[in-house]
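Those letters in the sequence shown? Residues -18 to -1, 1 to 384, by mature numbering (1 follows the signal peptide of the UniProt record, and there is no 0). Glycine is no exception: its CB is placed at the ideal position from the N, C-alpha and C atoms. One structure is given below, encoded as structure tokens.
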Amino acid sequence: MALQRWLVASLACFHAAALSIPRSCNDSTVDLTKLDASMDSIEALSVLQQATMRNLYLEDQRSMPQRSTCSLTNAAVRRDWEHMCPRERKEFIQAVQCLRAKPSIADPDFARAARTRYDDFTAVHVNLTNFVHATGSFLTWHRYFIWSFEKALRDECGYPGYLPYWNWFSHADDPRSSPVFDGSDTSIGGDGAYFPHNGSAAFFGSVPLPPANGGGCIASGPFKDIQATMGPIAAGMFGMEPPVASFHEYNPRCIRRDLNHHVSSRFFTTANLLNLTIGDASKTVKSFQDEFNGRPQDNGFMGLHSAGHYTINGENTDFYTSVNDPSFFFHHAMIDKIFWMWQVLHPAESREVAGTLTLRNEPPLGNATIYDPLIMGVNAPTRMIHELMGTMDGTPLCYIYA
Ligand SMILES: [Cu+2]
């Protein structure tokens, strides 16, 4: 019986890996004009993925002689958690647990509350929050951030794979049943324990949201009852602990979730996906980025970035410390996948930057340029925005999404 289970799991792994590597391109299967808002969102995402791969394949053929370091044959492939087999999921979970067990290497003056290598990532996000959200660097900073995390998992904890992503459109009606959050030993932990609270208020209190069935500490799965040491600083869920007085305050506490179908079912729709990738919002990097970040004045439209954080809820509603919950990386990998697709489908706009250097332009430091630095603290060397524009530029990125 054990042998049979092992064989099934091994074949599933082999099958998934084989599927994820693009080997050729069939133009005839992709027609973006057939996409419309009435289509199933997972099907629409799949068509967009095919169109993206077709463009990449053609680009790869054209630039093969010049591009020596990264091509479709050697690029890493980041995959949907649901398409990874149990062994691969457990490898990822174990690597994250390994990073959570290693001591911090950050300068205490920069990250006094950090205790583990995992905390080093939360700390740099906390310190830079006001410079990397709703700014010109939002997409590239977070791209570099999750790539640095993936590199730490591989280099420091022996993880053989690449970052998984959470496909928002799968189980949008019931995120508690998603293989990402179902609480099994191959999930990244389930919902928070039931904790009565009054819901959440997003966008600095301007968008009220109802509670769901959780609200307490992660109650099941590999990350059950894990602790954070930083924050909260600006949580959007009611009933969280009071904010700490300073970024540096050591404040051990559990990580809360309130997996919230009110948010996911309303925002993870085909219409919102198409608007971002091929619709009006896809026309410029400014409109793409603004749409991702939401239009709260417009009937509380959260944008898919905030919608993901408020679907997981709890710790994820904290602009500063959401990294404390490992689901952060799954959510931001999905954001990066959409960014990647948008870039490949809109090559003329793909290397532009728009936006200011500070959140809400406070203090006003001017507009971002492609030469602005992306700071990662101890997690990776500082690089410029333009170096993180292409996931296959090889400086340092070389990956695609399946
Ligand atoms: Cu962030």
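Limits of the unbroken beta strand (DSSP E) element including residue i
i	result
aspartate 354	First-last for aspartate 354: undefined, no H or E at that position.
aspartate 62	58 to 62
cysteine 199	197 to 200
tyrosine 144	Element bounds for tyrosine 144: n/a, residue is neither H nor E.
tyrosine 383	381 to 383
Rounded straight-line distance, which links the Cα of residue j to that of residue i
i	j	result
cysteine 67	glutamate 344	45 Å
glycine 172	isoleucine 200	6 Å
proline 4	serine 202	Low confidence applies here, because proline 4 scores a pLDDT of 47, under 50, leaving its location unreliable; read the following figure in that light. Rounded to whole angstroms, proline 4 to serine 202 spans 36 Å at the Cα level.
arginine 235	alanine 210	6 Å
serine 159	proline 363	39 Å
residue 388	methionine 366	In the structure displayed, the chain extends from -18 to 384; residue 388 sits before or after that span and is not available.
arginine 82	serine 309	14 Å
lysine 72	phenylalanine 205	12 Å
residue 392	leucine 379	Look at the range of the chain in this structure, -18 to 384, and you will see that residue 392 is not part of it.
asparagine 149	alanine 315	9 Å
proline 178	serine 23	32 Å
tyrosine 100	phenylalanine 311	12 Å
alanine 350	asparagine 112	14 Å
phenylalanine 220	aspartate 42	49 Å
aspartate 155	serine 188	24 Å
asparagine 254	leucine 356	29 Å
glutamate 369	asparagine 180	43 Å
glycine 118	leucine 286	17 Å
alanine 88	threonine 15	50 Å
alanine 263	valine 106	30 Å
proline 85	glutamine 76	16 Å
valine 114	threonine 340	7 Å
threonine 252	isoleucine 260	11 Å
glycine 376	threonine 51	6 Å
histidine 153	leucine 256	18 Å
alanine 289	leucine 191	11 Å
glutamine -15	glycine 165	Bear in mind that the predicted position of glutamine -15 carries a pLDDT of just 46, short of 50, making it unreliable; the figure below should be weighed with that in mind. One C-alpha to the other measures close to 24 Å.
isoleucine 170	aspartate 318	19 Å
threonine 122	alanine 116	12 Å
valine 108	threonine 34	33 Å
serine 45	leucine 17	29 Å
serine 20	asparagine 281	21 Å
leucine 135	tyrosine 126	14 Å
valine 78	aspartate 307	11 Å
glutamate 70	threonine 98	24 Å
leucine 258	glutamate 273	7 Å
isoleucine 237	isoleucine 208	6 Å
glutamine 32	serine 228	47 Å
tyrosine 381	tyrosine 144	9 Å
asparagine 361	serine 246	32 Å
isoleucine 352	tyrosine 176	45 Å
phenylalanine 103	phenylalanine 301	14 Å
serine 53	histidine 230	43 Å
aspartate 167	alanine 330	44 Å
proline 157	phenylalanine 250	11 Å
glycine 218	phenylalanine 131	25 Å
proline 90	valine 305	19 Å
aspartate 13	phenylalanine 163	33 Å
glycine 372	histidine 313	20 Å
alanine 30	proline 224	It is leucine, not alanine, that sits at residue 30 in the sequence shown. The straight-line gap from Cα to Cα measures roughly 43 Å.
threonine 293	glutamine 271	20 Å
methionine 374	arginine 61	16 Å
Residue i, enclosing alpha helix (DSSP H) - first and last residue
i	result
alanine 184	184 to 187
glutamine 176	It is tyrosine, not glutamine, that sits at residue 176 in the sequence shown. It is not in any alpha helix (DSSP H) - tyrosine 176 instead sits in the beta strand (DSSP E) that spans 174 to 176.
tyrosine 292	285 to 294
isoleucine 320	309 to 327
tyrosine 39	23 to 45
Residue i: CB within 8 Å of a non-hydrogen atom of ligand 2
i	result
serine 53	With respect to small molecules bound, the structure shown includes ligand 1 and not ligand 2.
is_contact[residue i, chain C] using C-beta, thresh 9 Å
i	result
leucine 356	Chain labels in this structure do not include chain C; a single protein chain is all it has.
Practice task
Specify whether the region 186 to 201 and the region 91 to 110 touch according to this definition: at least 3 beta carbon pairs, one from each stretch, less than 8 Å apart.
Solution key: no
Practice task
Return the chain-ordered ranges of every alpha helix (DSSP H) run that is complete within the region 63 to 93 and spans a minimum of 4 residues.
Solution key: 68 to 83
Exercise for the section: Scan the region 103 to 139 and note each continuous alpha helix (DSSP H) run of 4 residues or more that stays entirely inside, going in chain order. Expected result: 120 to 139
Practice task
Answer yes if the region 203 to 217 comes into contact with the region 287 to 301, meaning at least three C-beta pairs across the two stretches below 8 Å, and no otherwise.
Solution key: yes
Exercise for the section: Indicate whether the contact test is met: 3 or more Cβ pairs, each with one atom in the region 127 to 142 and one in the region 183 to 191, closer than 8 Å. Expected result: no
Handout entry: Validate contact between the region 326 to 345 and the region 254 to 270 using beta carbons, cut 8 Å, 3 pairs
Key = yes
Problem - Length-filtered (4 minimum) alpha helix (DSSP H) runs lying within the region 214 to 297 - result: 243 to 249, 252 to 259, 267 to 275, 285 to 294
Practice task
Please determine if the region 272 to 285 and the region 342 to 358 are in contact, where contact requires at least 3 C-beta pairs separated by less than 8 Å.
Solution key: no
Practice task
Indicate whether the contact test is met: 3 or more Cβ pairs, each with one atom in the region 319 to 330 and one in the region 239 to 250, closer than 8 Å.
Solution key: no
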